[in-house]
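In full-length UniProt numbering, the protein residues as written are 1 to 140.
What follows is a short report on a single structure.
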C-alpha cells in the first residue's frame with residue numbers, strides 16, 4: 001500500500017468513524033455500572049487504518065508488520081504509535097467498527113464466490129449409528 005493510498009484510506013475511515021460513533025453512542029444502553037473510559041493515544045480511525053493496511057500488505061503476521069514496517073516507516077503518519085501488545089488490545093476494541101466499515105464499503109456482488117470444499121468431519125465413523133442429534137435428517 002502506498003503512502004498516498006494510506007492517506008485516502010485514513011480519510012475515508014475517519015469520516016466513517018465520525019458519523020458512525022456519534023450515531024452508535026445514541027443507541028447504547030447503559031448498564032448502570034460506572035465504567036472507566038480510558039482513551040488511547042491512537043484514535044480509532046488510526047487503528048482501523050493500520051489494520052486495513054496490514055491486510056493489504058504482503059505480510060503474513062501482524063507482529064512482523066507492526067515491528068518491521070509500521071514502527072519503521074509509518075511513524076511520521078502515526079506519531080503516537082503504541083507497542084505491539086497494546087495495539088493487539090486496541091484491535092479488539094475496534095472490531096465492531098471495522099466490521100461495520102467493511103459492510104458499509106462493500107461493493108456490489110460480482111457473482112464470483114469462493115467456496116471451501118475441504119472435508120468437514122462431524123463425528124467419528126464408528127459413532128455414526130449412535131449419534132442422535134440429527135437422526136432422520138443427517139445423511140452421508
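Each residue gets a CB set at the ideal place from its N, CA and C atoms; glycine is no exception.
These figures come from a predicted structure and were not determined experimentally.
Check whether the Cβ atoms of residue i and residue j lie closer than 7 Å to each other.
| i | j | result |
| --- | --- | --- |
| residue 94 | residue 48 | yes |
| residue 45 | residue 9 | no |
| residue 65 | residue 73 | no |
| residue 82 | residue 41 | yes |
| residue 53 | residue 90 | no |
Which same chain residues end up closer than 7 Å to residue i when comparing Cβ atoms and leaving out the 5 residues on each side of it in sequence?
| i | result |
| --- | --- |
| residue 87 | 66 |
CB-CB under 8 Å to residue i, same chain, minus the five flanking residues each way: which ones, in chain order?
| i | result |
| --- | --- |
| residue 63 | 84 |
| residue 21 | 44, 97 |
Should residue i go down as buried or exposed, given a rule of 16 or more other Cβ atoms within 10 Å for buried?
| i | result |
| --- | --- |
| residue 51 | buried |
| residue 17 | buried |
Candidates the options: which alpha carbon is nearest residue i's?
| i | options | result |
| --- | --- | --- |
| residue 43 | 57, 32, 30, 11 | 11 |
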